[in-house]
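Just add 145 to the spot in the sequence shown (first one is 1) and you have my numbering. Beta carbons: idealized from backbone N, C-alpha and C, even for Gly. Model, not experiment: these values are computed from the prediction. The block underneath contains the structure these notes are about, expressed in structure tokens.
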Amino acid sequence: MDKSVIFAVAGSGKTTRLVTALDEVRRFLLVTYTEANYDNLRAKVIDRFGYLPPNIAIYTYFSFLHSFCYRPFLRSKKNTRGIIFKAPDRFPVYPLTNDRRYISPGGWLYANRLAKFIEQSGLVGAVLARMEKYFDVFFVDEVQDFGGHDFNFLLAISEAQMDMNFVGDFYQHTFDTSRDGNVNSNLHENYNAYRKKFERARLKVDTDSLKCSRRCSKSVCDFITEKIGVNIQAHDERTSVVRFEDDPAAVATLYRDPGTVKLFYKEHQKYGCFSQNWGASKGMDRYEDVCVVLNPGNVKAWNAGSFRDINPETRNKLYVACSRARGNLTFVPESLLKVYKRS
């Protein structure tokens, strides 16, 4: 059996690699975290085959966790209503053996503890058997988003007797599937420690197959490597323009340009233009030229010549935003777009 995890870079073809490995004979289980990547994955499968073959099942992670792993075993017994993404109250603290730790007073399952509930209920073996019964191959896209109890659960189900391949980019970690206290709270702080967790789970770690970006130009890759501190190589020698623009008239033109996406740190919807937030742009592969909007703190980092020392989570989101560009990459100060912001 082939069990591996590929550590990739942005634009290297992570999703494409998974889709290329599909066929219409074996039974495939594909799981990803974000809705955006689910849509992208589904679209690429349909683009390849002309339809969604019945032997290929695509799930968002929590849909898989609830409908495939929990519902067949515990739904009727526990009489739960579904998943709630609100964090449980900190007090009272219920023991691991008490259902109230996992289920709200209204009968909703706390998303951040559902994987732990399945494990605590002694059902990991049953989930493995169910996976082996219905599927031959298990793929996970954007594996870096798994956190909290969900990361532990992923490693537990990786023991299934089937081929599996996980792909992700450590530095594109911008979301966690869930958090619960200190459970895996430092998971993404150290690349080598993170890698070792997969190796201890007997997954082969591949750092070579997807180390070059096919999306980004050499200019953008060099900028990301030098200024953001994430090592990324370009697949070819194609160049593009990377620049900072603070001329008000030029920024206004960029704002109105329907062909250039504006990527904001947050609240993109308040600006009334073709836009997205940095972190939420992950998985997007349709942009050509990209305009990244910098808040005052990040303008200061630009002027200092490096983003390496900014908050790690912010740095990862900036890496995601910059690596959306197939063509030119332009940075603008947020202050020049405030006039367009709705309250």
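Candidates Arg171, Gln317 and Phe283, of which the one nearest Ser303 by Cα: Locating residue 303 in the sequence shown gives position 158, where the first residue counts as 1. Taking only the C-alpha atoms, the option nearest Ser303 is Phe283.
Cβ distance (whole Å) where Phe389 is taken to contact Phe452 below 8 Å: As a working mapping, residue 389 is identified with position 244 in the sequence shown. As a working mapping, residue 452 is identified with position 307 in the sequence shown. Not quite, the Cβ-Cβ distance comes to about 12 Å (not below 8 Å), so this is no contact.
Closest by C-alpha distance to Ser212, when choosing among Ala346, Ile228, Lys222 and Ser249: In the sequence shown, the residue the question calls residue 212 occupies position 67. Nearest of Ala346, Ile228, Lys222 and Ser249 to Ser212, Cα basis: Ile228.
Spatial distance of Arg340 from Gly292 (CA atoms): Position 195 of the sequence shown, counted from the start, is the residue given in the question as residue 340. Position 147 of the sequence shown, counted from the start, is the residue given in the question as residue 292. So the two alpha carbons sit approximately 14 Å from each other.
Whole-angstrom distance between Glu277 and Leu174, CA atom to CA atom: What you label residue 174 is simply residue 29 of the sequence shown in a count that begins at 1. What you label residue 277 is simply residue 132 of the sequence shown in a count that begins at 1. Each residue's Cα considered, the two are about 10 Å apart.
In DSSP terms, what Asn422 is bridged to: If you number the sequence shown from 1, residue 422 lands on position 277. For Asn422, which the question treats as bridged, DSSP gives the partners Phe409.
Lys148 vs Asn310 beta-carbon contact at 9 Å: As a first step, residue 148 must be located in the sequence shown, where it is residue number 3. As a first step, residue 310 must be located in the sequence shown, where it is residue number 165. Yes, they are a contact pair.
Distance CB(Asp314)-CB(Val154) smaller than 9 Å: Counting from one through the sequence shown, the residue named residue 314 turns up at place 169. Counting from one through the sequence shown, the residue named residue 154 turns up at place 9. Contact: yes.
Alpha-carbon spacing of Asp353 relative to Ser157, whole angstroms: Position 208 of the sequence shown, counting from 1, holds the residue named residue 353. Position 12 of the sequence shown, counting from 1, holds the residue named residue 157. Rounded to the nearest angstrom, the two C-alpha atoms are 11 Å apart.
Stretch pair the stretch 360-367 + the stretch 458-469: three plus CB contacts closer than 8 Å: yes
The alpha helix (DSSP H) enclosing Lys486, as first and last residue numbers: Indexing the sequence shown from 1 puts residue 486 at position 341. Segment: none, Lys486 is in no alpha helix (DSSP H) and carries neither H nor E.
When Ala260, Gln421 and Asp308 are compared against Tyr215, the one with the closest alpha-carbon: The residue you call residue 215 lines up with position 70 of the sequence shown. Closest option to Tyr215, Cα to Cα, is Ala260.
Cβ-based burial, Met307 [other Cβ within 10 Å; buried from 16]: In the sequence shown, the residue the question calls residue 307 occupies position 162. Answer is buried; the Cβ neighbour count reaches 16.
Inter-residue Cα distance where the pair is Gln108 and Val437: Not covered by the structure: residue 108. The range shown for the chain is 146 to 488.
Proximity below 9 Å, CB of Ala232 to CB of Leu300: Working through the sequence shown from its first residue, we reach residue 232 at position 87. Working through the sequence shown from its first residue, we reach residue 300 at position 155. It is not a contact, given that the beta carbons lie outside the stated cut-off.
The stretch 169-185 in contact with the stretch 249-266 per 3-pair CB rule at 8 Å: no
C-alpha gap between Ala439 and Ala425, whole angstroms: To locate residue 439, count along the sequence shown from 1; it is residue 294. To locate residue 425, count along the sequence shown from 1; it is residue 280. According to the sequence displayed, residue 439 carries Leu and not Ala. Rounded to whole angstroms, Leu439 to Ala425 spans 16 Å at the Cα level.
Every unbroken alpha helix (DSSP H) inside the stretch 339-378 [4 residues or more]: 363-368
Thr328 (DSSP reduced to helix, strand or coil): Taking the first residue of the sequence shown as 1, we reach residue 328 at position 183. In the sequence on display, residue 328 carries Val and not Thr. Note: Val328 maps to coil in three-state DSSP.
Identity of the residues DSSP links to Lys223 by a beta bridge: In the sequence shown, the residue the question calls residue 223 occupies position 78. For Lys223, which the question treats as bridged, DSSP gives no partner whatsoever.
Straight-line gap, Pro250 to Pro237 (C-alpha atoms, nearest Å): Position 105 of the sequence shown, counting from 1, holds the residue named residue 250. Position 92 of the sequence shown, counting from 1, holds the residue named residue 237. Approximately 13 Å between the Cα atoms of the pair.
Environment of Gly428 [buried if 16+ CB atoms lie within 10 Å]: On the sequence shown, residue 428 is found 283 positions in, with the first residue counted as 1. It is buried - the Cβ of Gly428 has at least 16 other Cβ atoms within 10 Å.
Reduced DSSP secondary structure (H/G/I, E/B, other) of Ala202: In the sequence shown, the residue the question calls residue 202 occupies position 57. Three-state DSSP puts Ala202 in a strand.
Counted within 10 angstroms of its Cβ, other Cβ atoms place Asp290 as buried (16 or more) or exposed: Counting from 1 along the sequence shown, the entry for residue 290 is found at position 145. Under the 10 Å beta carbon count, Asp290 is surrounded by 16 or more other beta carbons and is classified as buried.
Cα-Cα separation between Thr161 and Val435, rounded to whole angstroms: For the purposes of this step, residue 161 is taken as residue 16 along the sequence shown, with counting starting at 1. For the purposes of this step, residue 435 is taken as residue 290 along the sequence shown, with counting starting at 1. Those two C-alpha atoms are separated by around 22 Å.
Which listed residue (Asn257, Gly442, Lys349 and Asn448) has its alpha carbon closest to that of Phe230: Here residue 230 corresponds to residue number 85 of the sequence shown, with the count starting at 1. Answer by Cα proximity: Asn257.
Which of helix, strand or coil DSSP assigns to Leu210: Counted from its first residue, the sequence shown places residue 210 at position 65. It is helical.
Simplified DSSP state of Val164, which is helix, strand or coil: Mapped onto the sequence shown, residue 164 falls at position 19. It is helical.
Inter-stretch contact at 8 Å, needing at least 3 Cβ pairs: the stretch 316-334 / the stretch 447-461: yes
Cβ-based neighbour list, Arg487, same chain, cut-off 7 Å, excluding 5 preceding and 5 following: Taking the sequence shown and counting its residues from 1, one reaches residue 487 at position 342. Closer than 7 Å at the Cβ level, and outside the excluded window around Arg487, lie Lys415 and Gly417.
Lys330 classed as buried or exposed, judged by whether at least 16 other C-beta atoms fall within 10 angstroms: Position 185 of the sequence shown holds residue 330. According to the sequence displayed, residue 330 carries Ser and not Lys. Classification for Ser330: exposed.
Three-state secondary structure assigned by DSSP to Asn310: Reading the sequence shown from its first residue, position 165 is the one you call residue 310. Of the three classes helix, strand and coil, the one that applies to Asn310 here is strand, per DSSP.
Proximity to Thr384 [Cα-Cα], best of Tyr196, Ala338, Val365 and Phe218: Position 239 of the sequence shown, counted from the first residue, corresponds to residue 384. Measuring from the Cα of Thr384, the nearest candidate turns out to be Val365.
Separation of Lys189 from Leu163, as counted between CA atoms: Here residue 163 corresponds to residue number 18 of the sequence shown, with the count starting at 1. Here residue 189 corresponds to residue number 44 of the sequence shown, with the count starting at 1. Straight-line Cα distance between these residues: approximately 10 Å.
Own chain partners of Asp244 with C-beta closer than 7 Å, once the 5 adjacent residues on each side are dropped: In the sequence shown, the residue the question calls residue 244 occupies position 99. Exclusion of the five residues before and after Asp244 leaves Lys223 as the residues of its chain whose Cβ lies within less than 7 Å of its Cβ.
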